[in-house]
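>
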Amino acid sequence: MTKSQERSFQVLLFASLRDQAGWTKQRVMLPDQDLVTAEDVWSQLQLGPRPASVQIAINRELVSPQTLVHAGDEVAFLPPFTGG
Amino acid sequence: MGVMQEKITIQLHNTIFDPWLQLAAWSSQTAAAATFIGRVREVAQDGRPLEALELTHYPGMCEEIIRQDAQRLLMDHDASSVLVLHRVGRMLPSEVIVLVAVEADLRGPAQRCCTALLEAIKHQAPFWKREWRDGQGTWVSGNTPL
Numbered sequence: 762m763t764k765s766q767e768r769s770f771q772v773l774l775f776a777s778l779r780d781q782a783g784w785t786k787q788r789v790m791l792p793d794q795d796l797v798t799a800e801d802v803w804s805q806l807q808l809g810p811r812p813a814s815v816q817i818a819i820n821r822e823l824v825s826p827q828t829l830v831h832a833g834d835e836v837a838f839l840p841p842f843t844g845g
Numbered sequence: 026m027g028v029m030q031e032k033i034t035i036q037l038h039n040t041i042f043d044p045w046l047q048l049a050a051w052s053s054q055t056a057a058a059a060t061f062i063g064r065v066r067e068v069a070q071d072g073r074p075l076e077a078l079e080l081t082h083y084p085g086m087c088e089e090i091i092r093q094d095a096q097r098l099l100m101d102h103d104a105s106s107v108l109v110l111h112r113v114g115r116m117l118p119s120e121v122i123v124l125v126a127v128e129a130d131l132r133g134p135a136q137r138c139c140t141a142l143l144e145a146i147k148h149q150a151p152f153w154k155r156e157w158r159d160g161q162g163t164w165v166s167g168n169t170p171l
C-alpha cells in the first residue's frame, strides 16, 4: 500500500447522484488532524445540501451522517432505493 | 427437503432467467410454498411506452442486506427456506425482474414471509431503476404501490 492510500478513503456515488456529479468513484485524502464525518465528506463533494432521502453507508453498512470516516473506508451516498 | 437445498439462496443475474426452471430446481417436498414473480412493465411511470429498464445495485451490500432480511424473516415467520433471484442491468418489458419463493410447513408462514421479504427488498436493498425511452434515461423516484 502506498503512502497516499494509507491516508485516503474511497467515495462512491450511485444512480442519480452519479449523473449529478459526473463520476462514480473517487479516492479522497484525509486531512492531517481534523476528525472527518460522513456529512463532512458530502459537503466536500459540492453537490449542494444533502437531501434527507440520501442515505450513507460506510464499508457497506448504513450509518448516521455523524459517523467518523477513517483511512481505508468506503463511503457511499445512496439515493432512495427502487428495487424489486 | 432435498439434501442439496440451502436454507437461503440469493442470486443476482445480469442475464435473463426462467423463473419456472429455477423454481423447479430449487423446490423441495415441503408442505407449503409461496412465490412471487415480478416482471418489467410495458409502460413507464408516466404511462408512456417503456423501451427498457436498467437496474443498478451496490454490489456486496445489496446481497448482504437481502441475506440479513431473509434470515430475520425466516425466523420471524417460522419458514424453512428462501430463494431470491433478482435481475440487474438492462431489461426489456415483460422480462422477469425478481423471483421470491418461500417454503414452510404451513401456508400462512410461507405467504406472510414471501410478502414481507419482497417488501424488504423493495425498501431496504440498494437497487436503483432507470427507465429508458427514445434513448433517454430517467431515474425512478419511488416504488410502485403495494
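Those protein sequence lines, which keep their order, are chains H and E. Under this note's numbering, the first residue of the first sequence carries the number 762, and numbering increases by one thereafter. Under this note's numbering, the first residue of the second sequence carries the number 26, and numbering increases by one thereafter. Glycine residues also receive a C-beta, built at the ideal position from the N, C-alpha and C atoms.
1) Please name the residue in H/Leu773, H/Pro792, H/Met790 whose C-alpha comes closest to that of glycine 783 of chain H.
2) Note down the Cα distance separating tryptophan 153 of chain E from serine 52 of chain E, rounded to an integer number of angstroms.
3) Measuring only the C-alpha atoms, how far is leucine 46 of chain E from valine 125 of chain E?
4) What number of angstroms, rounded off, separates the C-alpha of glycine 162 of chain E from the C-alpha of glutamine 54 of chain E?
5) Rounded to a whole number of angstroms, what is the C-alpha to C-alpha distance between aspartate 159 of chain E and glutamate 67 of chain E?
6) Compare the C-alpha of threonine 843 of chain H against each of E/Ser106, E/Arg112, E/Ser105 and name the closest.
7) In this structure, what does DSSP give as the bridge partners for proline 74 of chain E?
8) Can you pull the chain H neighbours of histidine 148 of chain E, defined as C-beta to C-beta under 7 Å?
9) Specify whether the region 95-103 of chain E and the region 67-86 of chain E touch according to this definition: at least 3 beta carbon pairs, one from each stretch, less than 8 Å apart.
10) Mind reading off the beta-carbon distance from methionine 114 of chain E to glycine 845 of chain H? Whole number of angstroms is fine, and I expect it under 8 Å.
11) If you measure between the beta carbons of phenylalanine 770 of chain H and valine 824 of chain H, is that distance less than 8 Å?
12) Compare the C-beta of leucine 839 of chain H with all C-beta atoms of chain E and state if any pair is closer than 8 Å.
13) Which class does serine 106 of chain E belong to by DSSP, given the choice of helix, strand or coil?
14) Considering only residues of the region 127-162 of chain E, which uninterrupted beta strand (DSSP E) runs meet the minimum length of 3 residues and lie entirely inside it, listed in chain order?
15) Quick one: what's got a C-beta closer than 6 Å to asparagine 39 of chain E's C-beta in the same chain, skipping five residues either side?
With the structure as the only source:
1) Ranking the options by Cα distance to glycine 783 of chain H, first place goes to H/Leu773.
2) Straight-line measurement puts the Cα of serine 52 of chain E at about 29 Å from the Cα of tryptophan 153 of chain E.
3) Each residue's CA atom was taken as its position, placing leucine 46 of chain E and valine 125 of chain E some 14 Å apart.
4) 44 Å
5) 14 Å
6) E/Arg112
7) E/Val68
8) Ordered by position in chain H, the residues that pass the 7 Å Cβ test against histidine 148 of chain E are Phe842.
9) no
10) The question names methionine, but residue 114 of chain E is glycine in the sequence shown. The Cβ separation is near 16 Å, so there is no contact.
11) no
12) yes
13) strand
14) Within the region 127-162 of chain E, the complete beta strand (DSSP E) runs of at least 3 residues are 152-158.
15) Val113, Gly114
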